[in-house]
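Comments concern the structure below.
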Amino acid sequence: MSSAAPTIASNSDTDKPMLAVRALFCERDDRVLFKNLDFDLAPGQVLQVQGSNGSGKTTLMRILCGLNDGYEGSIKWYGQEIEEQAASFFSSLLYIGHRVGVSKVLTPVENLRWSCSLKQAVSDEQIMAALKEVGLRGFEESPCYTLSAGQQQRVSLARLLISPASLWVLDEPFTTLDKKGVAQLEGILQRQAQAGGSVMVTTHHNLDIPELSVLSLG
Amino acid sequence: MTEKQTTTSAAFWATLKRDLLIAFKKKNDIVNPFMFFIIVVSLFPIGISPESDRLTEIAAGVIWISVLLASMLSMDNLYRSDFEDGSLEQLLLSPHPLFFLVLAKNISHWLVSGLPVVLVAPLLAYMLALPEEAYGTLILSLLLGTPIMSLLGSIAVALTVGLGSRGLILAVITLPMSVPILIFGTLAVQSTLNSQSPAGYLSLMLVMLSVSVSLAPLASAAALKISVN
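Protein chains in written order, with the numbering used here: chain C, 1 to 218; chain G, 1 to 229.
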């Protein structure tokens, strides 16, 4: 387990908030999803984004990751707009969306080898340890189409254990997990916060994490 | 070499390896366009005439058109499943230049869809009674032309990958872009048959390949960003 514990890359420029969102406005199909949205994300913070269905949670997450540019306002990463420093922002970012980025024809190990190496060098030992920790021991070499939805979700969550990213953006990571998985993921999020990283997460679960703060959309 | 550069090449190789791995696990995606290519070419002697004089005349054109049609079939595999399972988002969020990652995907696509076609071309050329002296030119022109098709097709697939029902739109975008390759490819073979040098046409194709390699991945990357938006 200790081998999978990430170290957080720290930024010396600590007087500025990690992530500062100001006057964010987003409109979709002539419907205003949110306007004048302001919030900061500090190191060690877990921010839960709440809101009813269709209130723009996923859109907000995708905007923050730079996957969606249909917004107005400013998103600053350590005081600088994210578009101006995309490469360094992306190397500090780990995003897991609704579509978890797990190819069904590949095995969990093959999936992680690729998705992790997009960000940093990763060894097979790290991958094996992470898969073991998320409860996929024995499934390392099974193609992902033979795994259940929850197990596929766990493959993507194994990336959390390997990644040194300081900002995690997780869109509904709890949906397909069982009770034990939910508790374990809460533990992982808490560990990230305690290590000085931060997390943005959308979920309807009541999270049991002391570092939690809540952002409500519509 | 700085740390970042080494990891960019690592990400390039990881992407290339992953795509090849997926291709070999989904063999249908490789075999179907390849079989389609062979079947289409072999219909011509049956449908037109088995006389070698008439076949020789159309051989280069038939092979080139069949290559184009077969490439339409294989194109869609390039980004579709990645789009559906979310891998494409992960690719776009990589800190490495998208140019190289898209290039890796294009190279992998060519290795599994273009290269087999080039390798089997002499066999089909023999069936279409193409004189032996033109084999070299045919293979060379296909070696230059098929990667251009993969690179250009990639732009069209990237543009359309987010659309629900695409129908023929992929062909409508890609085929007109491929017409110059078709023209130069067949002209190169024809000029060899007429005992002229094909060097002019082949060098034009080489120029087109160089331009495509350097620009098409940029366009594909931009199109992918629009598609996931």
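Backbone N, C-alpha and C fix where the C-beta goes; we use that ideal spot for every residue, glycine too.
Which one of Met127/G, Pro33/G, Glu89/G and Leu138/G has the shortest CA to CA distance from phenylalanine 184/G?
Leu138/G
Should alanine 110/C be labelled buried (16 or more other beta-carbon atoms within 10 Å of its own) or exposed?
For clarity, residue 110/C is glutamate in the given sequence; the question names alanine instead. Classification for glutamate 110/C: buried.
Which residues in the same chain as alanine 216/G place their Cβ atom closer than 7 Å to its Cβ, once the five residues preceding and following it in sequence are excluded?
Leu151, Leu152, Ser154 and Ile155
Do tryptophan 114/C and alanine 14/G have their beta-carbon atoms positioned less than 9 Å apart in this structure?
yes
CB-CB under 6 Å to aspartate 38/C, same chain, minus the five flanking residues each way: which ones, in chain order?
Arg22
If the cut-off is 9 Å on Cβ atoms, which residues from the stretch 51 to 82 of chain C count as contacting chain G, listed in chain order?
Arg62, Cys65, Gly66, Leu67, Asn68, Asp69 and Gly70
Do we get a CB-CB distance below 9 Å when we pair isoleucine 107/G with the residues of chain C?
no
So if DSSP puts valine 49/C in a beta bridge, which residue, or which two residues, is it bridged to?
Thr202/C and Leu215/C
Does the Cβ of threonine 146/C have 16 or more other Cβ atoms within 10 Å, making it buried, or fewer, making it exposed?
exposed
According to DSSP, simplified to helix, strand and coil, what is phenylalanine 83/G?
helix
Under the three-state reduction of DSSP, which class applies to aspartate 19/G: helix, strand or coil?
helix
Going by beta carbon distance, what residues of the same chain come within less than 7 Å of leucine 103/G, once the five residues before and after it are set aside?
Pro217
Using a Cβ-Cβ cut-off of less than 9 Å, list which residues of the stretch 75 to 109 of chain G approach chain C; keep chain order.
Ser81, Asp82, Phe83, Glu84, Asp85, Gly86, Ser87, Leu88, Glu89, Gln90, Leu91, Leu92, Leu93, Ser94, Pro95, His96, Pro97 and Leu101
Would you call the stretch 104 to 114 of chain G and the stretch 10 to 25 of chain G touching, i.e. three or more CB-CB distances under 8 Å?
yes
Verify the CB distance criterion: does proline 143/C have a CB-CB separation below 9 Å to chain G?
yes
Beta bridge counterpart(s) of tryptophan 77/C as assigned by DSSP:
Leu19/C and Gln80/C
Residues that tyrosine 95/C bridges to, as DSSP identifies them:
Val169/C
Can you list, in chain order, the residues of its chain with a C-beta nearer than 7 Å to that of glutamate 140/C? Leave out the 5 residues immediately preceding and following it.
Thr107, Pro108, Val109, Met128 and Leu131
At the level of alpha carbons, what is the spacing between valine 62/G and leucine 111/G?
22 Å
Our contact map puts valine 179/G next to serine 227/G with C-beta atoms below 8 Å; I'd like the distance itself, whole angstroms only.
Valine 179/G to serine 227/G, Cβ: 25 Å. No contact.
Keeping to the same chain, check which residues put their C-beta closer than 7 Å to that of alanine 20/C; ignore five residues upstream and five downstream.
Asp40 and Lys76
Note down, in chain order, each residue of its chain lying with its Cβ closer than 7 Å to the Cβ of glutamate 186/C, except the 5 sequence neighbours on either side.
Leu207, Asp208 and Ile209
Note down, in chain order, every chain C residue with its Cβ under 9 Å from the Cβ of valine 228/G.
Arg62, Leu67 and Asn68
Buried or exposed by the 16-neighbour rule on C-beta atoms within 10 Å, applied to threonine 7/G:
buried
Where isoleucine 30/G meets chain C, residues with beta-carbon distance less than 9 Å:
Within chain C, no residue comes near isoleucine 30/G; the closest Cβ sits about 13 Å away, beyond 9 Å.
Interface flag, alanine 11/G vs chain C, CB-CB below 9 Å
yes
Classify aspartate 69/C as buried or exposed, calling it buried when 16 or more other Cβ atoms lie within 10 Å of its own Cβ.
exposed
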